[in-house]
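Just below is one structure, and these are the notes that go with it.
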Amino acid sequence: MTRLQGKTALITGAATGIGFAVAARFAREGARVLIGDRDADATAAAVERIGEAARAAVLDISDESSVAAAFADAEAAGWTPDVVVANAGVQLFGQDAPIADLDLAVWQRTVDVNLTGTFLTIKHAVRAMHDTGGSIIVTGSPTGINGEGRAFTAYSATKAGIHGLSRTVAAAYADRGIRVNTVVPAYTETSLVTTITDDPEARAAIIGRIPLGRAGAPEDVEGIMVFLASDDGAFATGSLFAVDGGMSTL
Ligand SMILES: NC(=O)c1ccc[n+]([C@@H]2O[C@H](COP(=O)([O-])OP(=O)(O)OC[C@H]3O[C@@H](n4cnc5c(N)ncnc54)[C@H](O)[C@@H]3O)[C@@H](O)[C@H]2O)c1
Numbered sequence: 029m030t031r032l033q034g035k036t037a038l039i040t041g042a043a044t045g046i047g048f049a050v051a052a053r054f055a056r057e058g059a060r061v062l063i064g065d066r067d068a069d070a071t072a073a074a075v076e077r078i079g080e081a082a083r084a085a086v087l088d089i090s091d092e093s094s095v096a097a098a099f100a101d102a103e104a105a106g107w108t109p110d111v112v113v114a115n116a117g118v119q120l121f122g123q124d125a126p127i128a129d130l131d132l133a134v135w136q137r138t139v140d141v142n143l144t145g146t147f148l149t150i151k152h153a154v155r156a157m158h159d160t161g162g163s164i165i166v167t168g169s170p171t172g173i174n175g176e177g178r179a180f181t182a183y184s185a186t187k188a189g190i191h192g193l194s195r196t197v198a199a200a201y202a203d204r205g206i207r208v209n210t211v212v213p214a215y216t217e218t219s220l221v222t223t224i225t226d227d228p229e230a231r232a233a234i235i236g237r238i239p240l241g242r243a244g245a246p247e248d249v250e251g252i253m254v255f256l257a258s259d260d261g262a263f264a265t266g267s268l269f270a271v272d273g274g275m276s277t278l
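So the mapping is simple: the numbering used here equals the position in the sequence shown, first residue as 1, plus 28.
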């Protein structure tokens, strides 16, 4: 498995969940991986688990100086990424709410991380790849397409926003050899969604809406990310790739 030999990837939100699974798989495929996460301890643990192909890139994607510093550090170390996975995100279960009940602070925090954070990650990724080309992959969500719950107002809005952002950047930088695509996982059992996982009724309801009949695992998202990061995906840009157990068919 060496489909990413010679590539360097920065993956945000890679200390846990989907991002960690993707980082570990990229390393197994021959890439060097920068673990970009705001949780320094979990980042160090992730680097240790992956081994010498991994390097910490502690950052807060909602803070431009932090994002810029992570890219500068990577470059100074000779680890300038040619693949960037803008994956970090938050979903504020119990706080995100139908709009009449949604606090501005909850809206703002969701926008700061999911939308502004993805904007800043892509902005600095494009700068890093401007002369060389590269692949940017955004982790989107079914909530950005269909709307998956009455209470996911802020989350859905930010995910729809990053789908549009990804498409627009793809068009703007195709002539620089920069490809930008969005991967849409369905309900995937990570620490993000324990509110659903720990509630048997809610879990059964969401799995009932997945034709393949099970929850997603972080590993389910790896394969499409490898394809998009690799030269196999050379003609793919500006698209949405769902890995959702068929959820979008219903
Ligand atoms: N789990 C699902 O069902 C599901 C479904 C569709 C899309 N997604 C998306 O997948 C992505 C990864 O989610 P996950 O399920 O692996 O969640 P997770 O909570 O397991 O991992 C998210 C990681 O992002 C990091 N992070 C959060 N805010 C950050 C910030 N400001 N700067 C840097 N790092 C930050 C966290 O520390 C954490 O390590 C998210 O964008 C999420 O919206 C998840």
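Virtual Cβ for every residue (Gly too), placed ideally from N, Cα, C.
- Taking 8 Å as the upper bound for CB-CB distance, Arg178 and Pro126 are in contact here, some 6 Å apart.
- Taking 8 Å as the cut-off, the beta carbon of Leu62 is found no closer than this to the beta carbon of Trp135.
- Within the segment 47 to 134, the beta strand (DSSP E) runs of at least 3 residues that lie entirely inside it are, in chain order, 60 to 65, 82 to 86, 111 to 114.
- In the three-state scheme derived from DSSP, where H, G and I count as helix and E and B as strand, Ser163 is classed as strand.
- In this structure, the alpha-carbon of Gly161 lies about 21 Å from that of Val50.
- In this structure, the C-beta of Pro246 approaches ligand 1 to less than 7 Å from one of its heavy atoms.
- Taking non-hydrogen atoms of ligand 1 into account, the C-beta of Ile89 is found less than 7 Å away from one of them.
- Residues Val141 of the same chain have their beta carbon placed closer than 6 Å to that of Val118, with the five preceding and five following residues left out of the count.
- A contact between stretches requires three or more CB pairs, one per stretch, nearer than 8 Å, and the segment 67 to 82 fails this requirement with the segment 94 to 105.
- It is roughly 31 Å from the alpha-carbon of Tyr183 to the alpha-carbon of Ala59.
- Taking a C-beta distance under 8 Å as the contact criterion, Asn209 and Ala264 qualify as a contact pair.
- The criterion of a C-beta distance shorter than 8 Å is not satisfied by Asp67 and Thr40.
- The DSSP-derived three-state label of Ile173 is coil.
- Between Val86 and Ile238, the alpha-carbon positions lie close to 35 Å from each other.
- Looking from the CA of His158, the closest CA among Gly47, Gly266, Val197 belongs to Val197.
- By the Cβ-count criterion, Asn174 is exposed, with fewer than 16 other Cβ atoms from all chains shown falling within 10 Å of its own Cβ.
- Taking Ala230 as the centre and dropping the five residues before and after it, the same chain places the C-beta of Ile224 closer than 7 Å to its C-beta, in chain order.
- Shown here, Pro213 sits in a strand according to DSSP, grouped into three states.
- Under the three-state reduction of DSSP, Thr44 is assigned to coil, being neither helix nor strand.
- Nearest in C-alpha terms to Phe121, of all of Met275, Ala114, Ala82, Leu130, is Leu130.
- Per the C-alpha coordinates, the member of Ala114, Asp259, Phe54 positioned closest to Gly79 is Phe54.
- Only exposed fits Pro228, as fewer than 16 other CB atoms lie within 10 angstroms of its CB.
- DSSP places Arg178 outside both helix and strand once states are collapsed to three, so it counts as coil.
- Taking 8 Å as the upper bound for CB-CB distance, Ala114 and Ile46 are not in contact here, some 12 Å apart.
- Here Ala52 has Ile78 as same chain residues with Cβ atoms under 6 Å from its own Cβ, once five neighbours each way along the sequence are excluded.
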